[in-house]
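K.L.:
The numbering used here puts the last residue of the sequence shown at 585; the count rises by one with no breaks.
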Amino acid sequence: MLGDAPAPRTLITSRLALQGQAHDEESRAFLQSRLTVLSKLMFWSFVVLLGGMVALYRQYPSIEPGDNDSIYAIGAAGVLVLAIIWRGFLVRRQLRLEALIAIDLFYATATGSIFGAASYLAWELRSSAFANLLWSCFMVFLRCIVVPSTGFRTAIAGALTFVPILVAAVGLALTTTQELPPLAYVSSAAIISSVVVLLATIGSRILYGLRKQVSAAMRLGQYTIDRKIGEGGNGTVYRAHHAMLRRPTAIKLIQPDKAGAENVDRFEREVQHMSQLTHWNNVAVYDYGRSPEGYFYYAMEYLDGIDLENLVVDFGPQPADRVVEILVQVCSALSEAHRRGIIHRDIKPANILLCERGDVPDVAKVVDYGLAKVVDSRVGDTSRSILGTPAYISPEAVTDPTTMSPAADLYALGAVGYFLLTGRRVFEAKTNVDLCVQHVTATPKPPSTVTTRKIPPALEEAILRCLAKKPADRPESAAVLATLLRAAATGTGWSEDDARRWWADFRRQDRPLGPGASTQTITVDIEARLEDPYERPSRPELN
43 MLGDAPAPRT LITSRLALQG QAHDEESRAF LQSRLTVLSK LMFWSFVVLL GGMVALYRQY
103 PSIEPGDNDS IYAIGAAGVL VLAIIWRGFL VRRQLRLEAL IAIDLFYATA TGSIFGAASY
163 LAWELRSSAF ANLLWSCFMV FLRCIVVPST GFRTAIAGAL TFVPILVAAV GLALTTTQEL
223 PPLAYVSSAA IISSVVVLLA TIGSRILYGL RKQVSAAMRL GQYTIDRKIG EGGNGTVYRA
283 HHAMLRRPTA IKLIQPDKAG AENVDRFERE VQHMSQLTHW NNVAVYDYGR SPEGYFYYAM
343 EYLDGIDLEN LVVDFGPQPA DRVVEILVQV CSALSEAHRR GIIHRDIKPA NILLCERGDV
403 PDVAKVVDYG LAKVVDSRVG DTSRSILGTP AYISPEAVTD PTTMSPAADL YALGAVGYFL
463 LTGRRVFEAK TNVDLCVQHV TATPKPPSTV TTRKIPPALE EAILRCLAKK PADRPESAAV
523 LATLLRAAAT GTGWSEDDAR RWWADFRRQD RPLGPGASTQ TITVDIEARL EDPYERPSRP
583 ELN
């Protein structure tokens, strides 16, 4: 009934509440990570301080305070408590925001109390009080830099740190003889403490504001950007996550300096093509939009695996049965695209990712339909530009791009299979022009003649048939090619258990994820591909 439906305001309020919860969770997780860093820095700072004190008093035993054992005991107890909070709670447990704030303020109070007690107990060593005050200043500034905090909370934490120091200063001024009169002694400590708290408060306000601005800039609709994982001619790919689903996502964002009408049209065409495809072996598109700042973007599934280019470069030519399984999956993805009238036009190893999905190993995913063409008799393609990657481009793409058909994708897939089996391209050349000429005129060498690996004759025949110069001489469709490939499998060279073992070893390598990493969703560099015929992604950079 209509009366049972929630009012629009209630729906809006609920949605805002969910968004607020998601944002609170991000803030909580970030605060915990920063407190973990602060704990680590404080722990090793205190270890160095205690070690330095031991070395100092062994070298100069005459200046060692009478109550130094008590100072050591207090310091050691503080380090122990710090280690328990750090390793036992911050690292191993997910703490509530209130608990994290309590830990933050506890650190401030405990730090001041330890240094205040050390100042009072080491009364014979007059420099001790100001040394402890100096260390307290270090800790306040360290917290300001590391922990995200409002200016108010930083002021509270700073006050909690310096109150015990000032109490110790009052006690020393009243009970001992210092180089300064009691009032001047306490006043100087109070002035230094106040200035440090003021500077830390201002610094926190600035840093906190900058973090909020960066956080806002790293949001695209419901998605929060984590880091860049790839870059191409008209787009940049980022790893991101959905604000409420917490699902890893790949975001492709068109670069502002590339946002001309032609590139925007190509970008929009790419996402439209990909959104039509639902096959398991085609990358899934989740969302498409434009940010308030004018950035066009689309969200797709994040594929944590390795592209076929780096698979061969890093692990060498692959077993024949594994190659068959990969190519059959790509055929399935292309079959769906071709049935919908979509030609990929840029099939190459870097645009095919191998990953694990749903506990299934060796799942091939076809990505990047940025050069895709829709076969439509009503709209002719009059462009004479050569589009594609020269090492995998079909002869007709060179001689007459307007006549390209699904057979062009099968040619490129044959070249991919050749590369997987042998570790070599079908043709090698010093220039792109020579490479394109060879695709048109040269006869490829059989894969079995360029590698010592055993290649089933039926598989070699299927690969060479894909590489036929005339489209009519290639397999009639991707489905027909898949049938030929399945018939070529021996059933002995690569099993599911082999795949699972390979992926287990791969995961143990802890391969770095960064710009240009093999595990990224590769974007097509339309300009650069005609400069580098082989276009291998750059190796990752460690952050």
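Glycine included, every Cβ here is placed at the ideal spot set by N, Cα and C.
Since the structure is predicted, the reported quantities are computational estimates derived from the model, not experimental observations.
Taking the Cβ atom as the reference point for each residue, do V79 and V188 lie within a distance shorter than 8 Å?
P.N.:
Yes, these two residues count as a Cβ contact at 8 Å.
K.L.:
Using 10 angstroms around the beta-carbon of K294, count the other beta-carbons present and answer buried if the total reaches 16, otherwise exposed.
P.N.:
Counting Cβ neighbours within 10 Å, K294 comes out buried, since at least 16 surround it.
K.L.:
Would you list the one or two residues that DSSP bridges to R269?
P.N.:
DSSP output for R269 lists R281 as bridge partner(s).
K.L.:
If you draw a straight line from the alpha carbon of N323 to that of S490, how long is it in whole angstroms?
P.N.:
Distance between the alpha carbons of N323 and S490: 28 Å.
K.L.:
Quick one: is P517 buried, meaning 16 or more other Cβ sit within 10 Å of its Cβ, or exposed?
P.N.:
With 16 or more other Cβ atoms within 10 Å, it is buried.
K.L.:
Check this for me: beta carbons of A326 and E343, under 8 Å apart or not?
P.N.:
Going by C-beta atoms, A326 is nearer than 8 Å to E343.
K.L.:
Please return the same chain residues whose Cβ sits closer than 8 Å to the Cβ of I54, not counting the five positions on each side in sequence.
P.N.:
Confidence at I54 is low in this model, with a pLDDT of 38, below 50, so its placement is unreliable and no value can be given for it.
K.L.:
When the Cβ atoms of the region 159–179 are set against those of the region 120–139, are three or more pairs found closer than 8 Å?
P.N.:
The region 159–179, when compared against the region 120–139, does not touch it at the 8 Å Cβ threshold.
K.L.:
Which word fits R426, buried or exposed, when buried means at least 16 other C-beta atoms lie within 10 angstroms of its C-beta?
P.N.:
Note that R426 scores 47 on pLDDT, short of 50, meaning its location in the model is unreliable and no value can be drawn from it.
K.L.:
If you run the structure through DSSP and keep just helix, strand and coil, what is V355?
P.N.:
Here V355 sits in helix by DSSP.
K.L.:
For S191 versus Y250, is the C-beta spacing smaller than 8 Å?
P.N.:
The answer is yes: Cβ separation under 8 Å.
K.L.:
Could you compute how far the alpha carbon of G347 sits from the alpha carbon of A292?
P.N.:
Cα-Cα distance, rounded: 13 Å.
K.L.:
Would you mind giving the Cβ-Cβ distance between A433 and L477, rounded to the nearest angstrom? I have them listed as a contact below 8 Å.
P.N.:
7 Å between Cβ atoms; contact.
K.L.:
For the putative contact between S161 and L214, defined by C-beta atoms under 8 Å, what is the C-beta separation to the nearest angstrom?
P.N.:
About 7 Å; that satisfies the 8 Å criterion.
K.L.:
Return the Cβ separation of L319 and L184 in integer angstroms, given the expectation that the two are a contact with Cβ distance under 8 Å.
P.N.:
Actually they are not in contact, since the Cβ atoms of L319 and L184 sit about 52 Å apart, beyond 8 Å.
K.L.:
Report the start-end ranges of each alpha helix (DSSP H) in the region 343–400 that is 4 residues or longer and not cut off at the edges.
P.N.:
Counting whole runs of 4 or more residues, the region 343–400 contains the alpha helix (DSSP H) stretches 350–357 and 362–381.
K.L.:
What are the residues that DSSP puts in a beta bridge with G331?
P.N.:
Paired residue(s): Y339.
K.L.:
So, under 8 Å CB-CB, Y340 and D329 are touching, yes? Tell me the CB distance rounded to an integer number of Å.
P.N.:
Sure, about 6 Å apart at Cβ, within 8 Å.
K.L.:
In angstroms, rounded to a whole number, what distance separates the CA positions of P290 and W544?
P.N.:
So the alpha carbons of these two residues sit roughly 24 Å apart.
K.L.:
Using only the alpha-carbon positions, how far apart do W536 and L523 sit?
P.N.:
Going by the C-alpha atoms only, they are around 20 Å apart.
K.L.:
Alpha carbon to alpha carbon, how far is N393 from T534? Give it in angstroms, no decimals.
P.N.:
Each residue's alpha carbon lies about 28 Å from the other.
K.L.:
What's the C-alpha gap between Y265 and S169?
P.N.:
Between Y265 and S169, the C-alpha separation is close to 54 Å.
K.L.:
Classify E438: buried if its beta carbon has 16 or more other beta carbons within 10 angstroms, exposed otherwise.
P.N.:
Classification for E438: buried.
K.L.:
Which whole-angstrom value is the C-beta distance of L527 and V279, which I expect to be below 8 Å?
P.N.:
Going by Cβ atoms, the distance from L527 to V279 rounds to 30 Å, so no, they are not a contact pair.
K.L.:
Could you tell me which of D410, A379, G400 and S374 sits nearest to D388, measuring between CA atoms?
P.N.:
Comparing Cα-Cα distances from D388 to each of D410, A379, G400 and S374, the minimum goes to D410.
K.L.:
Locate the alpha helix (DSSP H) running through P206, then write down its first and last residues.
P.N.:
Residues G193 to T217.
K.L.:
Just to check my reading of the structure: S230 and I207 have Cβ atoms closer than 8 Å, yes? What is that Cβ distance to the nearest angstrom?
P.N.:
The Cβ separation is near 12 Å, so there is no contact.
K.L.:
Where do the ends of the beta strand (DSSP E) carrying A19 lie?
P.N.:
Since the first residue shown for the chain is 43 and the last is 585, residue 19 is missing from the structure and cannot be characterised.
K.L.:
Could you check if V372 is buried or exposed, using at least 16 other CB atoms within 10 Å of its CB as the buried criterion?
P.N.:
It counts as buried.
K.L.:
Based on Cα-Cα distance, which residue from A406, S447 and L287 lies nearest to I385?
P.N.:
Of the listed residues, the one whose Cα sits closest to I385 is S447.
K.L.:
Compare the Cα-Cα distances from I468 to each of A530, P486, V479 and L462 and report the closest residue.
P.N.:
Going by the sequence as given, residue 468 is Val instead of Ile. The candidate whose alpha carbon is nearest that of V468 is P486.
K.L.:
Which of helix, strand or coil does DSSP assign to I296?
P.N.:
I296: coil per DSSP, three-state reduction.
K.L.:
Taking Cβ positions, are G465 and V366 nearer each other than 8 Å?
P.N.:
No, Cβ-Cβ distance for G465 and V366 is not below 8 Å.
K.L.:
Out of A454, C186, D547 and V440, state which residue places its alpha-carbon closest to the alpha-carbon of A504.
P.N.:
Considering only alpha carbons, the answer is A454.
K.L.:
Is P488 helix, strand or coil when you go by DSSP?
P.N.:
Of the three classes helix, strand and coil, the one that applies to P488 here is coil, per DSSP.
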